[in-house]
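Peer 1:
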Amino acid sequence: MDAIAFAGAVLAWLMGLVVGARLVRIAAYTYQTPELTIGLSYVLTAGFGFPPMILSAEVWRTQRDLAELLQVFASFPICTGLLAISIGVWRIFRPTRRWPLWVVTAIWCGTALCLGLALGAADHEGFRIWFWRAVNFATLGWLWMSVEAFLLFDRLRRRARYGLANAEVANRVLLWGVASVAAVTSSLLGWMMLDLRDPGLLFTLRIGQSAAQWGCVLAMWLAFFPPKAYRRRFAAPAQAAAASGA
Amino acid sequence: MADSVVFTRSCETVARMAGLDLVAVRGVVRIALREAGLQPRGLSVPQMQVILRRVLPAGLRSCGVTDPEAVCTALEREVVQIEDDPGEDAVADAAAVFERFAPR
Numbered sequence: 000m001d002a003i004a005f006a007g008a009v010l011a012w013l014m015g016l017v018v019g020a021r022l023v024r025i026a027a028y029t030y031q032t033p034e035l036t037i038g039l040s041y042v043l044t045a046g047f048g049f050p051p052m053i054l055s056a057e058v059w060r061t062q063r064d065l066a067e068l069l070q071v072f073a074s075f076p077i078c079t080g081l082l083a084i085s086i087g088v089w090r091i092f093r094p095t096r097r098w099p100l101w102v103v104t105a106i107w108c109g110t111a112l113c114l115g116l117a118l119g120a121a122d123h124e125g126f127r128i129w130f131w132r133a134v135n136f137a138t139l140g141w142l143w144m145s146v147e148a149f150l151l152f153d154r155l156r157r158r159a160r161y162g163l164a165n166a167e168v169a170n171r172v173l174l175w176g177v178a179s180v181a182a183v184t185s186s187l188l189g190w191m192m193l194d195l196r197d198p199g200l201l202f203t204l205r206i207g208q209s210a211a212q213w214g215c216v217l218a219m220w221l222a223f224f225p226p227k228a229y230r231r232r233f234a235a236p237a238q239a240a241a242a243s244g245a
Numbered sequence: 000m001a002d003s004v005v006f007t008r009s010c011e012t013v014a015r016m017a018g019l020d021l022v023a024v025r026g027v028v029r030i031a032l033r034e035a036g037l038q039p040r041g042l043s044v045p046q047m048q049v050i051l052r053r054v055l056p057a058g059l060r061s062c063g064v065t066d067p068e069a070v071c072t073a074l075e076r077e078v079v080q081i082e083d084d085p086g087e088d089a090v091a092d093a094a095a096v097f098e099r100f101a102p103r
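Residue numbers (numbering that gives the first Met the number 0), protein chains in the order written: chain Z, 0 to 245; chain H, 0 to 103.
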């Protein structure tokens, strides 16, 4: 079980890094905000934030000072990356609306406040509580992303039925929503496990977190590196829709 | 934001041809658009043609129109004359972002 969980965490880290780098590369020639913010988010969160967070969780009970130092190191790329997601969500799904600016501002301010309180805490317990509040606050951006992705998928799925949208793109949006939910779930479960003593419950949550990480990896792989057999599923309906005179 | 010209003109034409109340027709057409993932804002002529061929007849039949296919066919002849200026289509714009993420 530990090997499977560790493999899932490593793959989630690698997938985040690869996808993030790819999106940043796309942004280099499109000059568009969505791919830049989402790409940077993945690179910062997965590339620089995950490894020290994973290590911190492993040594939390035996070397508290080291674990805390690792969390301090991880906090800035993780929180910055998660905050970049909220900007990406705004620019992708609601670019002409003004209310998302308030949501982004609230997430940024809440995260910054919690992080400041964590760094100024008098003891380990204070640091840990406020650090995880900062991470959970920033994770709201992922939650928002998943809601918007599922709403967009519903519209695109309906359009694709009548040949008015690309079914493969609709599927990519769905996978993005699934990956976002999995990322939020993994983060929340990691936070819940920190204080648990019950080995049975800890084991169950660890399975849940591992499943969420593997789910995230699978969804991202299918969204960004789909095998030909998977892509063929969408080619046949598209041809049928075109033939029906849509 | 205002509804597209295609939506407004189509509703007026259906109400006139089918002898139905304009408010009721706007509701029926909105439901048809929602069924296909579309909205009155940002509705284009090609999109409206698909709605007329494949979605709206069922909605008009449920309103008591006896020959909805004929109404929709006649409407389509008028719709294609409209100068297409759909305005913002937020769904298509968001989908275009995910299109850029496509594997090479």
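By construction, the Cβ of each residue, glycine as well, lies at the ideal position given by its N, Cα and C atoms.
1) Say whether chain H places a C-beta atom closer than 9 Å to the C-beta of Arg127(Z).
2) Would you say Leu65(Z) faces chain H, with C-beta separation under 9 Å as the test?
3) Could you run through the stretch 78-91 of chain Z and flag, in chain order, every residue whose CB is less than 8 Å away from some CB of chain H?
4) Using a beta-carbon distance cut-off of less than 9 Å, what residues from the stretch 153-179 of chain Z approach chain H?
5) Checking contacts by CB at 9 Å: is Gly41(H) closer than that to chain Z?
6) Spatial neighbours of Gly207(Z) within its chain, please: CB distance less than 8 Å, with the 5 preceding and 5 following residues excluded, ordered by chain position.
7) For chain H, find out if any of its Cβ atoms is closer than 9 Å to the Cβ of Gln246(Z); answer yes or no.
8) With distances taken from CA atoms, which of Leu118(Z), Arg158(Z), Ile25(Z), Leu139(Z) is nearest Glu67(Z)?
9) Is it right to say Glu87(H) is buried, meaning 16 or more other beta carbons lie within 10 angstroms of its own, or is it exposed?
10) Rank Ser43(H), Val49(H), Arg15(H), Leu55(H) by C-alpha distance to the C-alpha of Arg29(H) and give the top, closest one.
11) So, are the CB atoms of Phe152(Z) and Val180(Z) less than 9 Å apart?
12) Helix, strand or coil for Asn165(Z), going by three-state DSSP, please let me know.
13) Can you tell me whether Arg205(Z) is helix, strand or coil according to DSSP?
14) Taking 9 Å as the CB-CB limit, is Val4(H) close to chain Z?
15) Starting from Glu34(Z), find everything on chain H with Cβ-Cβ shorter than 8 Å and list it in chain order.
16) Strictly under 9 Å for the Cβ-Cβ distance: is Val54(H) near chain C by that measure?
17) Is there contact between the stretch 64-71 of chain H and the stretch 129-146 of chain Z, where contact requires at least three CB pairs shorter than 8 Å?
18) Of all the CB atoms in chain H, is at least one closer than 9 Å to the CB of Pro94(Z)?
19) Tell me the start and end of each unbroken alpha helix (DSSP H) in the stretch 54-86 of chain H that is at least 4 residues and wholly inside, in chain order.
20) Is Leu100(Z) buried or exposed, if buried means 16 or more other CB atoms sit within 10 Å of its CB?
21) Determine, for Gln310(Z), whether the minimum Cβ-Cβ distance to residues of chain H falls below 9 Å.
22) Apart from the five residues just before and just after Thr12(H), which ones in its own chain have a Cβ nearer than 7 Å to its Cβ?
23) Specify whether the stretch 20-32 of chain Z and the stretch 68-79 of chain Z touch according to this definition: at least 3 beta carbon pairs, one from each stretch, less than 8 Å apart.
24) Is Thr32(Z) near the ligand MG, judged by its Cβ being under 8 Å from some heavy atom?
25) Kindly list, in the order they appear in chain Z, the residues whose Cβ is closer than 7 Å to that of Ala93(H).
26) For Phe6(H), which option in Leu51(H), Ala95(H), Glu98(H), Arg60(H) has the closest C-alpha, if you only look at C-alpha atoms?
27) For the alpha helix (DSSP H) holding Phe75(Z), just list the boundary residues, first then last.
28) Under the rule that 16 or more other beta-carbon atoms within 10 Å means buried, what is Cys215(Z), buried or exposed?
29) When you compare each of Val18(Z), Val102(Z), Asn165(Z) to Leu142(Z) by their alpha carbons, which one comes out closest?
30) Going along chain H in order, which residues have a C-beta closer than 9 Å to the C-beta of Thr44(Z)?
31) Could you give the DSSP three-state label for Ala14(H): helix, strand or coil?
32) For chain Z, check one thing: does any of its Cβ atoms lie closer than 9 Å to the Cβ of Pro33(H)?
33) Please check if any C-beta of chain H sits within less than 9 Å of the C-beta of Gln31(Z).
34) Please list the partners that Gln80(H) has in chain Z, where partner means a Cβ-to-Cβ separation under 7 Å.
35) When burial is assigned at 16 or more other CB atoms within 10 Å of the CB, is Thr44(Z) buried or exposed?
36) How would you list, in chain order, the residues of chain H whose beta-carbon sits under 9 Å from the beta-carbon of Leu54(Z)?
Peer 2: If we stick to the structure as given:
1) Residue 127(Z) sits at position 128 when you count from the first residue of the first sequence. No - not a single Cβ of chain H is within 9 Å of the one on Arg127(Z).
2) In the first sequence, counting from the first residue as 1, residue 65(Z) sits at position 66. Closer than 9 Å: no.
3) Residues of the stretch 78-91 of chain Z that bring their beta carbon within less than 8 Å of a beta carbon in chain H comprise Ile91, in sequence order.
4) From the stretch 153-179 of chain Z, only Asp153, Arg154, Leu155, Arg156, Arg157, Arg158, Ala159, Arg160, Tyr161, Gly162, Leu163, Ala164, Asn165, Glu167, Val168, Ala169, Arg171, Val172, Trp175 have a Cβ closer than 9 Å to chain H.
5) Numbered from 1 along the second sequence, position 42 holds the residue referred to as residue 41(H). Under the 9 Å criterion on CB atoms, Gly41(H) is classed as non-interfacial with respect to chain Z.
6) Position 208 of the first sequence, counted from the start, is the residue given in the question as residue 207(Z). Beyond the five residues adjoining it in sequence on each side, Gly207(Z) comes within less than 8 Å, by CB distance, of Thr184, Leu188 in the same chain, given in chain order.
7) No answer is possible for residue 246(Z): it lies beyond the span of chain Z, which begins at 0 and ends at 245.
8) Residue mapping note: residue 67(Z) aligns to position 68 of the first sequence, counting from 1. That would be Leu118(Z), whose Cα lies nearest to the Cα of Glu67(Z).
9) Residue numbering aside, residue 87(H) sits at position 88 when the second sequence is read from its first letter. In this structure Glu87(H) is exposed. Its beta-carbon is surrounded by fewer than 16 other beta-carbon atoms within 10 angstroms.
10) The count along the second sequence starts at 1 and reaches residue 29(H) at position 30. Cα-wise, what sits closest to Arg29(H) is Leu55(H).
11) Taking the first residue of the first sequence as position 1, residue 152(Z) is located at position 153. Taking the first residue of the first sequence as position 1, residue 180(Z) is located at position 181. Contact: no.
12) To locate residue 165(Z), count along the first sequence from 1; it is residue 166. In this structure, DSSP gives Asn165(Z) a state outside helix and strand, which the three-state scheme calls coil.
13) Working through the first sequence from its first residue, we reach residue 205(Z) at position 206. Three-state result, Arg205(Z): helix.
14) To locate residue 4(H), count along the second sequence from 1; it is residue 5. By this cut-off, Val4(H) is not an interface position.
15) Numbered from its first residue, the first sequence carries residue 34(Z) at position 35. Contact note: Glu34(Z) reaches chain H through Val96, Arg99, Phe100, using a C-beta cutoff of 8 Å and chain order.
16) You won't find chain C in this structure, because its protein chains are Z and H.
17) The count of Cβ pairs closer than 8 Å, one atom from the stretch 64-71 of chain H and one from the stretch 129-146 of chain Z, stays below three, leaving the stretches out of contact.
18) The residue labelled residue 94(Z) in the question sits at position 95 within the first sequence. It does: the Cβ of Pro94(Z) has a partner Cβ on chain H nearer than 9 Å.
19) Listed in chain order, the complete alpha helix (DSSP H) runs (minimum 4 residues) inside the stretch 54-86 of chain H are 55-61, 67-78.
20) Taking the first residue of the first sequence as 1, we reach residue 100(Z) at position 101. Counting Cβ neighbours within 10 Å, Leu100(Z) comes out exposed, since fewer than 16 surround it.
21) Not covered by the structure: residue 310(Z). The range shown for chain Z is 0 to 245.
22) For the purposes of this step, residue 12(H) is identified with residue 13 of the second sequence, where counting begins at 1. Within the same chain, Thr12(H) has close Cβ partners Leu74, Glu77.
23) With contact defined as three or more Cβ pairs closer than 8 Å, the stretch 20-32 of chain Z and the stretch 68-79 of chain Z are not in contact.
24) The ligand MG is not part of this structure, which contains no ligands at all.
25) Here residue 93(H) is taken as the residue at index 94 of the second sequence, counted from 1. Taking a Cβ-Cβ cut-off of 7 Å, the neighbours of Ala93(H) in chain Z comprise Ile91, Phe92, Leu151, given in sequence order.
26) Here residue 6(H) refers to the residue found at position 7 of the second sequence. Out of Leu51(H), Ala95(H), Glu98(H), Arg60(H), the CA that lies nearest to the CA of Phe6(H) is found in Leu51(H).
27) Taking the first sequence and counting its residues from 1, one reaches residue 75(Z) at position 76. Looking at the DSSP string, the run of the alpha helix (DSSP H) that includes Phe75(Z) is 63-92.
28) Translated into the one-based positions of the first sequence, residue 215(Z) becomes position 216. Buried, by the Cβ-count rule.
29) Translated into positions along the first sequence, residue 142(Z) becomes position 143. Leu142(Z) has its Cα closest to that of Val102(Z), out of Val18(Z), Val102(Z), Asn165(Z).
30) As a first step, residue 44(Z) must be located in the first sequence, where it is residue number 45. Under the 9 Å cutoff, chain H gives no residues; its nearest Cβ is about 17 Å from Thr44(Z).
31) Here residue 14(H) is taken as the residue at index 15 of the second sequence, counted from 1. In the three-state reduction of the DSSP assignment, Ala14(H) falls in the helix class.
32) Counting from 1 along the second sequence, the entry for residue 33(H) is found at position 34. Rather than Pro, the amino acid found at residue 33(H) in this sequence is Arg. Arg33(H) counts as touching chain Z.
33) Counted from its first residue, the first sequence places residue 31(Z) at position 32. Between Gln31(Z) and chain H, the shortest Cβ-Cβ separation is below 9 Å.
34) If you number the second sequence from 1, residue 80(H) lands on position 81. Taking a Cβ-Cβ threshold of 7 Å, none of the residues of chain Z is close to Gln80(H); the smallest such distance is about 20 Å.
35) For the purposes of this step, residue 44(Z) is identified with residue 45 of the first sequence, where counting begins at 1. With 16 or more neighbouring CB atoms inside 10 Å of its own CB, Thr44(Z) falls in the buried class.
36) Translated into the one-based positions of the first sequence, residue 54(Z) becomes position 55. None at all; the shortest Cβ gap to chain H is about 31 Å.
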